[in-house]
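**Student:** The sequence shown begins at 1 in the numbering used here and counts up one residue at a time. The C-beta atom is built at its ideal place from N, Cα and C for all residues, glycine as well. Model, not experiment: these values are computed from the prediction.
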Amino acid sequence: MAKKNLKNIPKFEFIFSDISKLNFKDGYFDIVFTKDVIEHHQYYVKILAELARVTKKYLILSMFIKSSFFLGDRIKLHKDGYYLNRYNQGKLFSFMKKHHFNKPKKIYEDWQDVVYVFERI
Numbered sequence: 001m002a003k004k005n006l007k008n009i010p011k012f013e014f015i016f017s018d019i020s021k022l023n024f025k026d027g028y029f030d031i032v033f034t035k036d037v038i039e040h041h042q043y044y045v046k047i048l049a050e051l052a053r054v055t056k057k058y059l060i061l062s063m064f065i066k067s068s069f070f071l072g073d074r075i076k077l078h079k080d081g082y083y084l085n086r087y088n089q090g091k092l093f094s095f096m097k098k099h100h101f102n103k104p105k106k107i108y109e110d111w112q113d114v115v116y117v118f119e120r121i
């Protein structure tokens with residue numbers, strides 16, 4: 001469906017890949033953007049590390065489920081497992097710092113979404 005929707009956009013290449021094992025060199029992309037991805041994966045730490053690896057300058061994370069100062073990392077929010085993760089903000093920021101990103105700028109927040117921009121140090 002994505003290929004069909006994007007077929008008229010010039011200079012666009014659609015690549016299907018496993019997000020936990022991206023076939024790109026370190027720092028390949030100037031900007032990496034995800035929208036409502038991380039909260040659906042059981043092994044989100046591995047995915048965050050992989051996204052950080054391929055990011056040269058900016059990693060933008062848009063998450064449907066807000067982070068929490070009080071709750072642990074992994075909380076089943078729905079019995080169907082659709083949302084697997086809720087984030088501890090401090091742990092997320094600490095993880096990104098270990099992968100050489102600064103404390104993020106929050107560029108958007110509403111009742112359900114939050115968008116962070118992490119810049120590589």
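1) What's the C-alpha gap between phenylalanine 101 and phenylalanine 14?
2) Considering glutamate 119, what are the terminal residues of the beta strand (DSSP E) in which it resides?
3) Comparing C-alpha positions only, which one of Phe118, Glu50, Asp36, Leu61 sits nearest to asparagine 23?
4) Answer with buried or exposed for isoleucine 31, where buried requires no fewer than 16 other C-beta atoms within 10 angstroms of its C-beta.
5) Looking at the strands, I want to know which residues DSSP matches up with lysine 106.
6) Please tell me whether serine 62 and threonine 34 are closer than 8 Å, where the distance is taken between their beta carbons.
7) Would you identify the three-state DSSP class for isoleucine 197, choosing helix, strand or coil?
8) Quick check on phenylalanine 69: buried or exposed, where buried means 16 or more other Cβ atoms within 10 Å of its Cβ?
9) Would you check if the distance between the CB atom of phenylalanine 95 and the CB atom of lysine 56 is smaller than 8 Å?
**Tutor:** Result, derived from the coordinates:
1) When rounded, the distance between both Cα atoms is 27 Å.
2) It spans 114-119 - the beta strand (DSSP E) in which glutamate 119 sits, taken as one unbroken run.
3) Ranked by Cα distance from asparagine 23, the options Phe118, Glu50, Asp36, Leu61 are led by Glu50.
4) Burial check for isoleucine 31: the Cβ neighbour count within 10 Å stays below 16, so the residue is exposed.
5) Beta bridge pairing from DSSP links lysine 106 with Tyr116.
6) Yes, the pair counts as a contact, with Cβ atoms nearer than the cut-off.
7) Lying before the first or after the last residue shown, residue 197 is absent from the chain, which here runs from 1 to 121.
8) Since pLDDT at phenylalanine 69 reaches only 44, below the 50 mark, its modelled position is unreliable, and the value read off the structure follows with that caveat. Residue environment analysis places phenylalanine 69 among the exposed positions, since fewer than 16 neighbouring C-beta atoms fall within 10 angstroms of its C-beta.
9) Not in contact: phenylalanine 95 and lysine 56 (Cβ atoms no closer than 8 Å).
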